[in-house]
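Read the structure below first, then the notes.
In this note's numbering, the protein residues as written are 2 to 372.
Structural data, given as structure tokens:
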């Protein structure tokens with residue numbers, strides 16, 4: 002089946018959180034900056050490009066980041082400010098197209114096949130959007146332009162920071178041929194390792210695999226992998242993409258070992274998750290408990306119901322049931338998390354919607370990976 006050639010732009014802000022901090026505090030400009038907490042169990046939420054030259058990356062433990070860059074400047078996060086700036090940026094997108102799919106506060110897909118403003122090329126639209134963002138927020142953005150989402154996402158990394166790159170129709174297969182599969186958006190580290198074990202290291206290696214072989218090893222995802230190895234991706238830009246899960250997690254200042262401490266922490270997390278669900282008129286049928294031990298060994302346990310969780314008490318009851326087989330503890334626990342997925346709309350009204358749910362770094366959603 003032939004699909005019409007789309008014009009897709011992927012806009013990705015450059016080191017978004019850190020750039021906002023450097024913009025608002027000129028003394029930070031030119032310095033290696035990390036947004037996060039510098040304490041022992043802190044985590045880097047974002048790193049400026051100056052910090053990245055030392056190997057500092059988002060999601061890195063703060064102690065590791067300080068070891069790599071002893072003069073690293075830590076700045077506490079200001080998520081309200083980041084959300085406000087993100088709203089400014091998305092208002093700029095809306096001048097050019099109504100087909101916008103936010104991925105996070107700092108990136109989005111735009112379908113400009115039929116733009117709202119008469120512009121002949123997607124490259125011109127991307128240039129104008131980036132210029133508008135710079136003029137109105139003082140921040141830079143990078144853009145990838147192509148005929149599908151997969152390639153546009155890859156392209157936006159090619160001229161970072163403050164640049165753009167085009168993969169034109171017909172060039173996708175050749176473009177991905179030499180790329181490592183670990184660089185493909187949609188193939189995570191674990192899947193890349195499984196592919197490597199099968200002798201699949203590059204896009205060309207992936208393209209050489211019969212679809213039947215990919216189905217055998219990767220199940221439902223096989224057709225997607227088969228397509229992107231050929232530069233094909235028929236997914237549309239989803240304007241109101243439904244949220245797949247709502248989760249919270251917390252890293253403890255000191256490892257916890259007592260059942261009472263675990264129950265107390267899970268109670269706080271359960272309340273936070275349920276509050277987030279209530280704001281969005283959502284509940285879910287699958288509850289997942291995430292636990293990371295002091296040696297960084299991590300496990301998850303899930304339970305699915307035939308109906309959505311009814312209230313916070315039921316959520317906490319299920320989490321405790323998932324925890325009980327893991328007791329008594331033989332190792333300290335450094336992190337706990339609760340996620341509710343298989344989401345469904347509830348009947349209760351809500352007055353608040355947000356682009357992205359982000360809490361503090363103490364009890365927050367999984368950190369955004371910034372590029």
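By construction, the Cβ of each residue, glycine as well, lies at the ideal position given by its N, Cα and C atoms.
Here the structure is a predicted model, which is why all the values come from computation and not from measurement.
| Between the Cα of residue 207 and the Cα atoms of 226, 239 and 221, which residue gives the shortest distance? | Comparing Cα positions, the closest option is 226.
| request: Just tell me which of 282, 279 and 322 has its CA closest to the CA of residue 301. | output: Restricting attention to 282, 279 and 322, the CA atom closest to the CA of residue 301 is found in 322.
| query | With 16 as the cutoff for other CB atoms within 10 Å, does residue 9 come out buried or exposed? | reply | With 16 or more other Cβ atoms within 10 Å, it is buried.
| How big is the Cα-Cα spacing for residue 78 and residue 253? | Straight-line measurement puts the Cα of residue 253 at about 18 angstroms from the Cα of residue 78.
| task | May I have the straight-line CA-CA distance separating residue 198 from residue 216, to the nearest angstrom? | result | Their backbone Cα atoms lie some 16 angstroms apart in a straight line.
| According to DSSP, is residue 354 helix, strand or coil? | Its pLDDT being 29, under 50, residue 354 is placed unreliably in this model, and the value from its coordinates should be taken loosely. Residue state for residue 354 is assigned as coil, using DSSP reduced to three classes.
| query | Are the beta-carbon atoms belonging to residue 33 and residue 51 less than 9 angstroms from one another? | reply | The answer is yes: Cβ separation under 9 angstroms.
| Considering only residues of the region 14-61, which uninterrupted alpha helix (DSSP H) runs meet the minimum length of 4 residues and lie entirely inside it, listed in chain order? | Runs of the alpha helix (DSSP H) inside the region 14-61: 17-25 and 50-53.
| request: With a floor of 3 residues, list each beta strand (DSSP E) that falls wholly inside the region 239-305, ordered by position along the chain. | output: Those beta strand (DSSP E) runs which fall completely within the region 239-305 and span 3+ residues are 246-257, 283-294 and 299-305.
| Can you list the alpha helix (DSSP H) stretches of 4 or more residues lying completely in the region 141-194, in chain order? | Qualifying alpha helix (DSSP H) stretches, in chain order: 150-157 and 173-178.
| said: Please return the same chain residues whose Cβ sits closer than 6 angstroms to the Cβ of residue 283, not counting the five positions on each side in sequence. | reply: Same-chain partners within the cutoff: 344.
| Are the Cβ atoms of residue 89 and residue 127 separated by less than 9 angstroms? | Not in contact: residue 89 and residue 127 (Cβ atoms no closer than 9 angstroms).
| request: Could you tell me whether the region 89-100 touches the region 31-46, using the rule of 3 or more Cβ pairs below 8 angstroms? | output: Too few Cβ pairs lie closer than 8 angstroms, so no.
| query | Taking DSSP as the reference, what is the three-state secondary structure of residue 349? | reply | Since pLDDT at residue 349 reaches only 39, below the 50 mark, its modelled position is unreliable, and the value read off the structure follows with that caveat. When secondary structure is reduced to three states using DSSP, residue 349 falls in the coil class, being assigned neither helix nor strand.
| field | N- and C-terminal bounds of the beta strand (DSSP E) containing residue 122 | value | Looking at the DSSP string, residue 122 is not in any beta strand (DSSP E), and its letter there is neither H nor E.
| message | For a quick check, are the C-beta atoms of residue 130 and residue 144 less than 9 angstroms apart? | response | Residue 130 places its beta carbon less than 9 angstroms from that of residue 144.
| request: Indicate the three-state DSSP secondary structure (helix, strand or coil) for residue 318 in the structure shown. | output: Note: residue 318 maps to helix in three-state DSSP.
| message | Once the 5 residues before and after residue 1 are set aside, which same chain residues still bring their CB inside 6 angstroms of it? | response | This structure gives no information on residue 1, because the portion of the chain shown stretches from 2 to 372.
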